[in-house]
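Using my numbering, count along the sequence shown one by one with no gaps and you end on 208.
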Amino acid sequence: MKRFNLPPLPYSYDALEPVISKRIMELHHDKHHAAYVKGANAAVEKLEKFAKGELEIDVRAVMRDLSFHLNGHILHTLFWPNLAPPSEDNKPGGRIGDLIDKQFGSFENFKKVFTTASNTLEGVGWAILYVDPEDNLYILQVEKHNLNHPASLVPILVSDLWEHSYYLQYENRRAEYVENFWKVINWDEVEKRLEKKEPVNPP
Ligand SMILES: [Fe+2]
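See the structure below:
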């Protein structure tokens, strides 16, 4: 079975300052994302040994573990390139900009729904923009890393709302982090994912 690796950040740790601090990025990438990679590999290893009759395991618990860690790995792999150095007037253009206008009425309307999805998430999880094969857009909340994912839609923009994404800098002010998140979205990357509509291939 496949083993997973931590992909490098596509920019320096301080590239997103002042919106997201260098220290948050160091911990988030090097510790949290790394832990999901490690957890996914540990689960795969246990399942492999179980298949060969070398280890007795609680299959349901290990598969739940794999779902959690693998989705954590996949979502963080999507998250890093979803971000870029901050800009004040950061808005989507191209096809994604047109689709947002067409399906939500305006970028402001879209922003309202995505922001509300982010701010009303209970506990930990993600706000995610998905696309289907016919270019329909969906905004959904994913709990933890693995609950409430639609089975076949392609995620094109993911926003990490776990406290490890912002607490060190924003403390309990999640809404402030969510508002600042708009400054660091890499819309070119979202556009690329919209064009390709490929399932994620976790490294
Ligand atoms: Fe995270």
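Beta carbons: idealized from backbone N, C-alpha and C, even for Gly.
Residues bridged to residue i (per DSSP)
i, result
"Pro-160", "Tyr-135"
"Gln-174", "Paired residues: none, contrary to the question."
"Ile-190", "Leu-88"
Nearest-angstrom beta carbon gap, residue j and residue i [assumed within contact, 8 angstroms]
i, j, result
"Val-24", "Val-183", "So it is not a contact: roughly 11 angstroms between Cβ atoms."
"Gly-130", "Val-118", "Gly-130 to Val-118, Cβ: 16 angstroms. No contact."
"Pro-208", "Asn-10", "5 angstroms"
"Leu-80", "His-169", "Incorrect: roughly 13 angstroms between the Cβ atoms, too far for contact."
"Leu-162", "Asn-153", "No, Leu-162 and Asn-153 are not in contact; Cβ-Cβ is about 16 angstroms, not under 8 angstroms."
For residue i, the three-state DSSP class (helix, strand or coil)
i, result
"Gly-130", "strand"
"Glu-203", "coil"
"Asp-165", "strand"
"Tyr-144", "According to the sequence as given, residue 144 is Ile; it is not Tyr. Strand, per DSSP."
"Leu-71", "helix"
"Leu-104", "helix"
"Leu-152", "strand"
Any non-hydrogen atom of ligand 1 closer than 7 angstroms to residue i Cβ
i, result
"His-169", "yes"
"His-74", "no"
"His-78", "no"
"Asp-165", "yes"
"Lys-81", "It should be noted that the sequence gives His, not Lys, for residue 81. His-81: yes, Cβ under 7 angstroms from ligand 1."
"His-154", "no"
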